[in-house]
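*Asks:*
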Amino acid sequence: MLEPGAPSPYRCVMDSTDREEVEGGLRHLHVMEMQTKLDLADATARVLALTEELIARGVVSMRAIEQRMDRVRAAENERTAEQATVQVAPMVDKYQVTDLPDIDCASLVPLCKGRCCRLSFPLSFQDLDEQIVRFDYAMPYLIRQGEDGYCTHSDPGARRCRVYQARPVTCRTYDCRKDARIWKDFANKVPAEDDAIPLVRIRKRPLASAGK
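Add 1 to the 1-based position in the sequence shown for the working numbering, that's all there is to it.
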């Protein structure tokens, strides 16, 4: 039996090379999953095309299909509700993006408390390659959030980004001025209510349900 506080003999220690290989392997699996989704989209398009052809020829009726679809859709939604998903932002070079919103964030943070840093979004492969911005391993590749619901890179005191130069393209292009979750009245500098962002923390999918 291990003494309290003693290191576990089963603890796996990886050097930087091993870590990169593991992360690379995981990313490869996620890319394969994305390709599967694209293939599924193509198959769906073919089924729809076939359905339209059958309807056009009078083999089946649209009403009969719609009635059956309601039952099938409900069953499918229930089946896939707990399935794992992978989200990746579009491949855009964040360092080449222009026409960014001109917002004086420094002067607004005392009012809004940087609540835009509580929003959830996926990172891009460019972000992942840089290995600067952290993602949530339980829900790849969403931006990682802390216990307070804020992005893990948000300074808890000043509410300023600690990886500003490498921030994701979503952060660079986001415009809070017309977002009701952030401002009730931007022109008059009236922030939204504290509960304007209903999902403060990312709801992590229980690992036990991953195989369902």
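Idealized CB from N, CA, C, for every residue including glycine.
Less than 7 angstroms between the beta carbons of R173 and F187, yes or no?
*Replies:* Looking up residue 173 in the sequence shown gives position 172. Looking up residue 187 in the sequence shown gives position 186. Not a contact, by the Cβ cut-off of 7 angstroms.
*Asks:* Just the C-alpha distance for V89 and G150, rounded to the nearest angstrom, thanks.
*Replies:* Along the sequence shown, read from residue 1 onward, the residue named residue 89 stands at position 88. Along the sequence shown, read from residue 1 onward, the residue named residue 150 stands at position 149. Their backbone Cα atoms lie some 20 angstroms apart in a straight line.
*Asks:* Under three-state DSSP, which class holds D186?
*Replies:* Position 185 of the sequence shown, counted from the first residue, corresponds to residue 186. In the structure shown, D186 sits in a strand (DSSP, three-state: E or B).
*Asks:* With a threshold of 8 angstroms, are at least 3 pairs of Cβ atoms found where one atom belongs to the region 162-171 and the other to the region 110-126?
*Replies:* In short, these stretches touch, since the Cβ pair count reaches three.
*Asks:* To test your reading of the DSSP string, which unbroken alpha helix (DSSP H) runs of 4 or more residues are found completely within the region 102-162?
*Replies:* Here the runs fully enclosed are 106-113, 126-131.
*Asks:* Could you give the first and the last residue of the continuous alpha helix (DSSP H) run that contains R58?
*Replies:* Working through the sequence shown from its first residue, we reach residue 58 at position 57. No alpha helix (DSSP H) holds R58; DSSP gives it neither H nor E.
*Asks:* Assuming contact is defined by CB atoms lying nearer than 7 angstroms, are R163 and D156 in contact in what I supplied?
*Replies:* Position 162 of the sequence shown, counting from 1, holds the residue named residue 163. Position 155 of the sequence shown, counting from 1, holds the residue named residue 156. Yes, Cβ-Cβ distance for R163 and D156 is below 7 angstroms.
*Asks:* Going by C-alpha distance, which of E79, D128, I133 is nearest D94?
*Replies:* Taking the first residue of the sequence shown as 1, we reach residue 94 at position 93. Looking at the Cα atoms, D128 is the closest of the given residues.
*Asks:* Mind checking who V191 pairs with in its DSSP beta bridge?
*Replies:* Indexing the sequence shown from 1 puts residue 191 at position 190. For V191, which the question treats as bridged, DSSP gives the partners D186.
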